[in-house]
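Accompanying notes for the structure given below.
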Amino acid sequence: MKLFSNARRILQQYFGFSTFRPGQEAMIKHVLNGQNALALMPTGGGKSLCYQIPGLIMDGTALIISPLISLMKDQVDALNALEISATYINSSLSHAEQRERLDNLQAGLYRFLYIAPERFESREFMDVIRSIPLSLIAFDEAHCISQWGHDFRPSYRSITSTLQQIPNLPVTIALTATATDAVIRDIQQILSITPEDTVNTGFARENLHFQVLKGIDKTDFILQYIQSHEKESGIIYCPTRKVTDRIYQLLDERGLKAARYHAGMSEVARQQAQSDFIQDEATIMVATNAFGMGIDKSNVRYVIHYALPMNLESYYQEAGRAGRDGEPSQCYLLFAAQDIQLQRFLIERSFMDEQNKEREYEKLQAMANYGHTDRCLQQYILAYFGEDVEELRCGRCSNCNDEGEKEDRTREAQMILSCVKRMGERYGATITAQVLKGSKNKRVLELGFDRLSTYNLLPHYTEKTIVNWIHYLLADGYLYIQDPKYLNLALTPKANDVLKGEALVWIRQQAEESQATREFDDE
Ligand code: ADP
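Anchor point for the sequence shown: position 217 equals 217 in UniProt numbering, and the numbering is continuous, going up by one each time.
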């Protein structure tokens, strides 16, 4: 196919690469054939070339819709550096500058135009778009189009109806590095993309080493880690602005080259921090989740999460900012079970309706389970995104490398599961552990749980060990939280196999968590 041999030539001539990365070739072929297509590729997988190469081959201007302004400028600068005509139009420009770029667009001077979704609401813009030849429309970060996504933007979705009104609608391409099955189906339906035109390379990141660290002093860990990796670039994600300020200050006081980024800072200060980090003036970025979307910094060697984020989509996206250059990189989650309370509070306080809140609680639970599971962490993440990876052992994560012996805990698991059942599947982890431990706690006695046959079945273990086992049973799908509001444990069908003696439960010996475990407390 002639068009496609052009693609290979452009890859070499313009971009200086000799071979395509997985998925790129297939995507480019779909687009050149005029078929709407969806790319599901990991961060750093090379999604940009999937629309940049067809955009250079086909006639007309390519529109790239992107949710973040900071991304646009970087992408445009990178293209301009390759002597490819590209620009962006967004609210950071004066009206006169916008007008000038629209005139240039009308005159056909741009191969690529980057825009935010809101731009489609401008009549001035739409008038020009309607009158010029377009090569393609690309939806970057396409998960933003789906209300099942973790970053739904209504303005993204409403573009589709605006687009229906234009006579010169070209081929559409969507790209994302984070999408569950529901999100994928949604994108396909909204943008008329068939499953055959969906290119899925999987989201696995071969160079990332996922690590969950429990029961440590977080500040000590950060200081030690950074002092022994002073030359490396890394990001520390903090749960609040306050923690961000505190960690930043600690590093700054020790003369470490840190920058700071959160929404409480002025736009100018944030821009400065970001460019210091991108240009390696600052090696460490201490930030809230306000930082990072669309940041293309290839040499980030580690991402440390001070506390768990609200869901795995966010976690994978944030941790995935490490190692975009393909070199080995570390992703640490400093896990303390009580951190989940902050996220629960944020969900509770949000303006979401009950149904959405419930969904967010479930996602949060899956995030917490990541901290408790002893499965391969890369496998756990990919399974969450619907990939069939039952057999995967990455060999790099803290679970794959855990030397701790696994022990047959089937008997203890049976006791826990039957206790949950006898308590009517209406209570949380702490009180369940107290009943098994034979506690004379007031609430246990008031509820008459000392009369249950499962009372005092595990007197020789600490309450914390029993709670840990319960967390494990949750993380591995023997138990689930029936009502996220009350955190009550309930049995899954998998639990019944254990109770009937048809399945064994092996649990790795765990270092005791030094911090109180309150996440599944009764309300
Ligand atoms: P993402 O999928 O996260 O959008 P990018 O398109 O930004 O990824 O690409 C990530 C990095 O990989 C960039 O530095 C890019 O130049 C590089 N890259 C993309 N395609 C190839 C290729 N075929 N060969 C080598 N490097 C590539």
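Heads up, the beta-carbon is just placed ideally off N, CA and C, and yes, glycines get one too.
- Relative to the Cα of TYR302, the nearest Cα in the group SER233, SER275, LEU250 belongs to SER233.
- The nearest non-hydrogen atom of the ligand ADP is 8 Å or more from the C-beta of ALA366.
- With a cutoff of 8 Å, GLY292 does not count as near the ligand ADP, since its C-beta is closer than that to no heavy atom of the ligand.
- For HIS372, the enclosing alpha helix (DSSP H) has its first and last residue at 354–372.
- Bridge pairing for MET285: ILE235, ALA259 [DSSP].
- Exposure of THR162 is indicated by the presence of fewer than 16 other C-beta atoms within 10 angstroms of its C-beta.
- Looking at the backbone, the Cα of ILE28 and that of LYS73 are separated by about 24 Å.
- Counting only runs of at least 3 residues, the region 130–174 fully encloses the following beta strand (DSSP E) elements, listed from N- to C-terminal order: 134–139.
- When beta bridges are read from the DSSP output, LEU436 appears opposite no residue.
- Counting along the chain, VAL505 sits inside no alpha helix (DSSP H), nor does DSSP assign it H or E at all.
- Bridge pairing for THR244: absent [DSSP].
- Look at THR19: its beta carbon is less than 8 Å from one of the heavy atoms in the ligand ADP.
- At a threshold of 8 Å, ASP276 does not count as near the ligand ADP, since its beta carbon sits no closer than that to any of the ligand's heavy atoms.
- In this structure, the ligand ADP has no non-hydrogen atom nearer than 8 Å to the beta-carbon of LEU68.
- Here VAL286 is buried: its Cβ has 16 or more other Cβ atoms, across all protein chains shown, within 10 Å.
- Distance from TYR306 to VAL243 at the Cβ level is roughly 6 Å; contact confirmed, criterion being Cβ atoms closer than 8 Å.
- Assigned with DSSP and collapsed to three states, LYS297 falls in coil, not helix or strand.
- For VAL212, the enclosing beta strand (DSSP E) begins and ends at 208–214.
- Counting along the chain, the unbroken alpha helix (DSSP H) around PHE277 starts and ends at 267–278.
- In this structure the region 44–52 lies against the region 60–80, because at least three pairs of beta carbons, one per stretch, are closer than 8 Å.
- In this model, GLN271 and ASP476 are separated by some 43 Å (Cα to Cα).
- Going by DSSP, TYR306 is part of no alpha helix (DSSP H) at all; its letter is neither H nor E.
- Taking GLY44 as the centre and dropping the five residues before and after it, the same chain places the C-beta of ARG324 closer than 6 Å to its C-beta, in chain order.
- Remark: C-beta atoms of PRO328 and HIS209 approach each other more closely than 9 Å.
- In this structure, the C-beta of LYS47 approaches the ligand ADP to less than 8 Å from one of its heavy atoms.
- In this structure, LEU38 sits near VAL199, with a CB-CB distance shorter than 9 Å.
- Annotated three-state conformation of PHE449 is helix, per DSSP.
- Apart from sequence neighbours up to five positions away, the residues of its chain that approach LEU3 with a beta-carbon distance below 7 Å are LEU32, ILE57, ordered along the chain.
- Residue state for SER329 is assigned as strand, using DSSP reduced to three classes.
- In the same chain as LYS47, and ignoring 5 residues on each side of it, the C-beta atoms closer than 6 Å to its own belong to ALA39, MET41, LEU175, in chain order.
- Put simply, the backbone Cα of ASN356 is about 45 Å away from that of LEU82.
- The alpha-carbon separation between MET415 and PRO493 amounts to approximately 16 Å.
- Excluding five sequence positions before and after LEU346, the CB atoms of its chain that fall closer than 8 Å to its own CB belong to MET310, given in chain order.
- By DSSP's assignment, ASN6 forms no beta bridge with any residue.
- The three-state secondary structure of ASP408, taken from DSSP, is strand.
- Annotated three-state conformation of THR87 is strand, per DSSP.
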